[in-house]
Amino acid sequence: MDVEKNRLLQDLDTNTTLFLDILDTIPDRKLHARNEKTAWSIMEVAAHMLMIEETVCRALQGETRPLDGREPDAKLPQLESVFLDLQTRTQYRAPENSAVTYADVRKFATDFRANREAIKQALANKDIHQEFAGYEHPHFGFLTGLEWLHYLVAHTERHLHQINRIESVLNNRPA
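Numbering (full-length UniProt numbering), first residue to last: 1 to 175.
Here it is in structure tokens:
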């Protein structure tokens, strides 16, 4: 395995552990709570993340193709701009009824970890510098494996900040 891929997969593992450890510290009563400032509950954010990552996993299990006319990391500045600019908040309506809901954070953690392992397995024998042709992201277009790995980590980091904001609002809510 090349050094860059190995480092990115280690970053993904660290990101997975951090995310699940933070979720594990949140009291169950807060995981599904909302108020007027928190359109989404913490578990709805987590379920959204898993739904997106399952799509990414399917893309990474698909075919790759050589890049034409760009570097394998060309979209990283755009990814970072969208996900890591925490001053810009995009408002989305909370899901009416998510296809999969999790009453239990432990079940979610098992599913999330299994999907992250499937992502790593999908990349095990693939060149991350190639473009993955199985899914065109609506905002970023087709991405390389390298870009998808950065996407996963940055997407999680953005939602960790969202989860922290939600929990902070819930902490300040009258009982």
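Ideal Cβ positions, reconstructed from N, Cα and C, are used throughout, including at glycine.
Checklist entry - When you compare only the Cα positions, how much space is there between A175 and E36? => result Caution is warranted here: a pLDDT of 49 is assigned to A175, below 50, making its placement in the model unreliable, and no coordinate value can be reported.
Next on the checklist: To the nearest angstrom, how far is the alpha carbon of L143 from that of T64?
Outcome noted: 10 angstroms
Item to check | Residues that N35 bridges to, as DSSP identifies them | outcome: T38
Item to check | N- and C-terminal bounds of the alpha helix (DSSP H) containing T101 | outcome: Taken as a continuous stretch (DSSP letters only), T101 belongs to no alpha helix (DSSP H), as it is neither H nor E.
Item to check | T55, buried or exposed, once every other Cβ within 10 Å from all chains shown has been counted against 16 | outcome: exposed
Next on the checklist: Here's a check: name, in chain order, each residue in its chain whose Cβ is nearer than 7 angstroms to the Cβ of D11, leaving out the five neighbours to either side.
Outcome noted: V153
Checklist entry - E136 by DSSP, collapsed to three states: which one? => result In the structure shown, E136 sits in coil (DSSP, three-state: anything other than H, G, I, E or B).
Checklist entry - Are the stretch 2-19 and the stretch 133-143 touching by the rule of at least three beta carbon pairs closer than 8 angstroms? => result In short, these stretches do not touch, since the Cβ pair count stays below three.
Item to check | Same chain, Cβ closer than 6 angstroms to E53, five either side skipped, listed in chain order | outcome: Correct list, in chain order: N115.
Next on the checklist: For the alpha helix (DSSP H) containing N164, name the first residue and the last one.
Outcome noted: For N164, the enclosing alpha helix (DSSP H) starts and ends at 145-171.
Checklist entry - Can you name, in chain order, every residue of its own chain whose Cβ lies under 7 angstroms from the Cβ of K126, other than the five neighbours on each side? => result T64, G145
Item to check | N97 to G62 span [Cα, whole Å] | outcome: Note that N97 scores 49 on pLDDT, short of 50, meaning its location in the model is unreliable and no value can be drawn from it.
Checklist entry - Is K75 buried or exposed, if buried means 16 or more other CB atoms sit within 10 Å of its CB? => result buried
Item to check | Rounded straight-line distance, which links the Cα of A46 to that of G134 | outcome: 24 angstroms
Next on the checklist: Pull the bridge partners of E131 from the DSSP assignment, please.
Outcome noted: R65, T144
Item to check | Cβ distance (whole Å) where T38 is taken to contact L170 below 8 angstroms | outcome: 7 angstroms
Next on the checklist: Distance cutoff 8 angstroms, beta carbons only. Does P77 sit that close to anything in chain B?
Outcome noted: The structure shown has no chain B; it contains just one protein chain.
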